[in-house]
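Position 277, counted from 1, in the sequence shown is what the numbering used here calls 277; the numbers after and before it change by one each time, with no gaps.
Idealized CB from N, CA, C, for every residue including glycine.
Encoded as structure tokens, the structure appears first; notes follow it.
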Amino acid sequence: MTGQGQIKRKILFVNDEMEMGGVARVLNTLMNNLDRERYDIDLLVLHKTGALLKEIPADVRVLAGTSFFRTVDCPLKELLKKKDLRLLMNKLRLLVMMKTGLIRRRIVKERRKMLDTTYDVEVAAKEGFCTIFTACGDSRRKVNWVLTDYSVCNYSANHMRLMRSVLEKIDLNIADSHQAAEAYKKVFGVREVITIHNLMNTEKVTRGMRKSEDLDPIDPQKLNVISVIRFHPQKAADRLLIAHEEAMRRGLTHELYLIGGGEQEAMLRQMKKDRQLDHVHFLGYRTNPYADIHVCDLFVLPSLYEGFATVINESLLAQTPVLTTEVAGVHEQILEPCHGWIVANDQQALSEGLCHALSSKAALQQMKQELAGYRYPNEQIRQRFMEVL
């Protein structure tokens, strides 16, 4: 019993992995913000891997998936490149089961091996396979968390019949932006989709922006552009390098800093070399990117699609205006002139937008000063999650 005489609710979050990226970060933030007087929290990581495993709150019980789920987060193309026959066969078996619908029976079998209790609430922390897994369970309330825009990229295109059938078992779908919610309703024909923006660790941002890691310090006297980005096709970092090149060609001299890593890093580094982009700097992963964001004049998000890019609000908290392509969520984030610019989602618009933003360092500095008053409604969002879980 809690202090108010309430019985704690047992809640299970299900994610496929905990690699560095938006989904795992917002999941850790949500788990950290739920009231421990009301919830006992378990996290099942189907393929227990990823740098963000170490940032899971200490009082959350972490469960690992069985070997059957080892390839659940591995793209088939990547496994073909590795030429690991055992993993490849595992993936093909998984895909065949999803195509035929036999996956439901197998999930029920695997759940018995991994889970030792019935949960009051189970949350698929990433729409897709985690949704199927949650729908096939016996938890009393089933919630699906939608974190991308399915009108642009439908990860379930190859097994739509299966997804539509399992979504009938889901009690509530939560999308992180209005555009993502509307897209999900349209693609899958579901009615119950509500919008709740992502929680943020606002204290971590405001504390971090004042404490640099003292690695490759950024010269504040120069005109500096930054992006914290996963080097993945979705994030389109190559478009940012092309926009940078065009701005430099027009005489808008600036430094471009990239924080992050991923599968396209080698390609991007080769692109820098081939195009002689001497003002592009790869900083790698940083546990605290906020001091670097704070000292820069502009943050750029060049993504092809998103659900709700929390990094936009992190940049605004770090008092740096944002240039972003038009993706889901941005019209709910860039609300004031000092917040920055939204441009069409194509190369030309991104290049023109960057050139426009860099045309006056004084204007950017004025925007940074105005962002000192920026606030993110974290407590209201936390209360909203508490109402529905």
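Item, Value
"Residue nearest to isoleucine 107 in terms of C-alpha spacing, selected from Val388, Thr195 and Leu94", "Leu94"
"Short Cβ contact (9 Å threshold) for methionine 200 with threonine 310", "yes"
"Inside the stretch 217-278 only - beta strand (DSSP E) runs reaching at least 3 residues", "224-228 and 255-259"
"Per-residue DSSP class, three states only, for histidine 294", "helix"
"Three-state secondary structure (DSSP) of histidine 281", "strand"
"Span of the beta strand (DSSP E) around tyrosine 405", "It is not possible to answer for residue 405, since the shown part of the chain is limited to 1 through 389."
"Touching by the beta-carbon criterion (3+ pairs, under 8 Å), the stretch 227-238 and the stretch 188-199", "no"
"Straight-line Cα distance separating isoleucine 170 from valine 190", "10 Å"
"First through last residue of the alpha helix (DSSP H) which encompasses threonine 325", "First-last for threonine 325: 322-325, but that is the beta strand (DSSP E), not the alpha helix (DSSP H)."
"Supposed contact pair isoleucine 174 and valine 388 - C-beta distance, whole angstroms, cut 8 Å", "7 Å"
"Validate contact between the stretch 325-345 and the stretch 299-310 using beta carbons, cut 8 Å, 3 pairs", "yes"
"Exposure label - serine 359; buried when at least 16 CB within 10 Å", "exposed"
"Length of the line joining the Cα atoms of methionine 1 and methionine 114", "Note that methionine 1 scores 44 on pLDDT, short of 50, meaning its location in the model is unreliable and no value can be drawn from it."
"Option nearest leucine 172 by Cα separation, candidates Arg207, Ile218 and Ala124", "Ala124"
"Range covered by the alpha helix (DSSP H) that runs through asparagine 201", "Here asparagine 201 belongs to no alpha helix (DSSP H), and DSSP marks it neither H nor E."
"One or two residues paired with threonine 195 in a DSSP bridge", "Ala175"
"Valine 280, buried or exposed, once every other Cβ within 10 Å from all chains shown has been counted against 16", "buried"
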